[in-house]
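Residue numbers (the numbering used here): 122 to 422.
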DNA sequence: AAGACGAAAGTGGTTGA
DNA sequence: TCAACAACTTTCGTCTT
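In structure tokens:
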């Protein structure tokens with residue numbers, strides 16, 4: 122099936138000129154931000170062409186080409202996509218994903234929520250591509266969204282915000298390092314909106330989020346700044362002490378990790394500035410200083 | 001000149017009434 | 001739902017190396 126793409130005016134959301142008309146899906150989609158501009162556009166033209174009467178008779182099927190009242194608007198067939206928006210053939214991996222999405226769509230199609238789900242899946246798909254989120258995490262997000270839909274949590278909220286929140290929750294659960302700011306920015310939605318959606322999902326779906334261990338960040342920073350193993354070893358020792366003294370609870374694990382590593386570097390006379398550590402984990406030097414002060418005091422260093 | 005330190009004011013999230 | 005609260009950030013002046 123050939124996709125016909127027609128350039129439109131600028132996207133009302135992000136101002137991007139890359140707004141594309143996707144006739145097969147019956148949608149206008151912004152290639153920059155993934156905004157679906159007119160999702161209920163109806164393609165009334167026949168999906169086939171005939172040049173002779175015989176041809177027309179041969180190609181015509183029963184009923185009108187598309188029917189808006191049908192639950193799926195013929196979507197199970199239109200989801201058979203073999204080329205991307207630029208006319209390039211899809212990779213086998215993406216084709217496989219599309220195939221799964223299609224099969225899944227056919228299965229759920231008889232239910233009233235299918236359209237909602239399809240839109241959400243599109244949203245999650247676009248966001249995942251934009252943020253380079255691995256397929257396994259994306260799958261988790263999809264499952265979260267489905268469960269949210271089952272529990273009627275989407276009612277009264279926008280599909281986009283819940284879908285984005287589901288993706289964020291999936292990232293948190295799988296410890297995929299994407300923060301709220303990045304995801305909110307990619308979805309072009311308010312951080313608050315995503316955050317409240319996230320909390321709703323965690324609460325109502327009873328998702329058990331892993332507690333972020335400073336150790337996780339410790340090794341990460343050490344690797345990035347090429348901290349030698351013995352210094353890292355010392356840092357881990359200090360961290361374990363801190364855990365015993367219960368200094369780490371309720372604090373930003375990144376701050377604790379950063380401070381512990383900084384102390385270890387100083388004790389080993391390894392020159393690393395607070396600033397360098399701070400920027401690798403996206404916190405401020407002040408936080409490192411505060412944590413450091415507390416650690417030094419309570420651990421008698 | 002760069003890095004460290006800390007005070008003060010502001011922000012966003014959590015908690016408990 | 002709202003106010004209080006702790007943690008964290010931003011900003012900025014000062015001190016040290």
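Glycine residues also receive a C-beta, built at the ideal position from the N, C-alpha and C atoms.
Nearest-angstrom beta carbon gap, residue j and residue i [assumed within contact, 8 Å]
i           : j           : result
residue 285 : residue 248 : 6 Å
residue 380 : residue 416 : 6 Å
residue 267 : residue 238 : 7 Å
residue 346 : residue 397 : 6 Å
residue 357 : residue 288 : About 32 Å; that fails the 8 Å criterion.
Inter-residue spacing [alpha-carbon to alpha-carbon] between residue i and residue j
i           : j           : result
residue 277 : residue 369 : 39 Å
residue 264 : residue 418 : 46 Å
residue 366 : residue 359 : 11 Å
residue 229 : residue 329 : For residue 229, the predicted model reports a pLDDT of 49, less than 50, meaning its position is unreliable and no value from the coordinates is stated.
residue 385 : residue 402 : 17 Å
residue 187 : residue 255 : With a pLDDT of only 40 at residue 187, under the threshold of 50, the placement of this residue in the model should not be trusted; the figure read from the coordinates follows. Taking the straight line joining both Cα atoms gives about 35 Å.
residue 235 : residue 305 : 25 Å
residue 316 : residue 407 : 25 Å
residue 261 : residue 220 : 18 Å
residue 318 : residue 333 : 20 Å
residue 422 : residue 414 : 10 Å
residue 194 : residue 240 : For residue 194, the pLDDT reaches just 39, beneath the cut-off of 50, and the residue's location in the model is therefore unreliable, although a value from the coordinates is still provided. Cα to Cα, residue 194 sits roughly 14 Å from residue 240.
residue 270 : residue 391 : 53 Å
residue 275 : residue 349 : 49 Å
residue 307 : residue 257 : 19 Å
residue 279 : residue 324 : 18 Å
residue 393 : residue 213 : 46 Å
Under 8 Å between C-beta atoms of residue i and residue j
i           : j           : result
residue 299 : residue 336 : no
residue 353 : residue 343 : yes
residue 412 : residue 376 : yes
residue 404 : residue 395 : no
residue 420 : residue 363 : yes
Unbroken alpha helix (DSSP H) run spanning residue i, endpoints
i           : result
residue 275 : Premise fails: residue 275 is in no alpha helix (DSSP H) and is neither H nor E.
residue 408 : 406-420
residue 242 : 235-252
residue 301 : 301-308
residue 313 : 312-325
residue 337 : 335-345
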